[in-house]
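Novice: By the count of this note's numbering, the sequence shown reaches residue 116 at its end, each step adding exactly one.
Using N, Cα and C, we set each Cβ at its ideal position, and we do this for glycine too.
It should be emphasised that the depicted structure is a prediction, and the values quoted were computed from it without experimental measurement.
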Amino acid sequence: RPRVRPKLFVAAFRELVRRARREGAKAYLLPMRPAPDQRLSPQQRGAYARYNELIQEVARRESAELVDGRGLKLPPFAPETMLAEDGIHLTASGQEWLAMSLYLHLSAQER
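1. Could you give the first and the last residue of the continuous alpha helix (DSSP H) run that contains E85?
2. Return the CA-CA distance between R66 and P84, expressed in angstroms with no decimal places.
3. Is there contact here, the region 49 to 62 with the region 12 to 30, by at least three beta-carbon pairs under 8 angstroms?
4. Rounded to the nearest angstrom, how far is the Cβ of V22 from that of A54, given a contact under 8 angstroms?
5. Fully enclosed by the region 25 to 53, which beta strand (DSSP E) runs are 3 residues long or longer?
6. Quick one: give me the first and last residue of the alpha helix (DSSP H) that L79 is part of.
7. How would you call H110, buried or exposed, if buried means at least 16 neighbouring beta carbons within 10 angstroms?
And the structure:
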């Protein structure tokens, strides 16, 4: 069972987007990528997919840019070193991969 209920998750994400805008920043939302680790149960994978949908929903509702990485040549994702033991959260190297993905997305937009 997820630690944060869907309704609270959406409310928190919407508030983050709004707060960023109030501070003059552009909000970028990133779906959880890549697909969850195979160590997860079918129920956990379903929850993962649902929360990914919620992120996309917030992006649509708040007109925030969704950075999905499609069409970009991203560095390979290595789940064994980039995912924490829970199979969902990123390790430091996973966070570096995510930062590089965002950098590549933003660089492609400038062209």
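Specialist: For this structure:
1. P84 to M87
2. 31 angstroms
3. yes
4. Not really, about 21 angstroms apart at Cβ, beyond 8 angstroms.
5. none
6. Counting along the chain, L79 falls outside any alpha helix (DSSP H), and DSSP gives it neither H nor E.
7. buried
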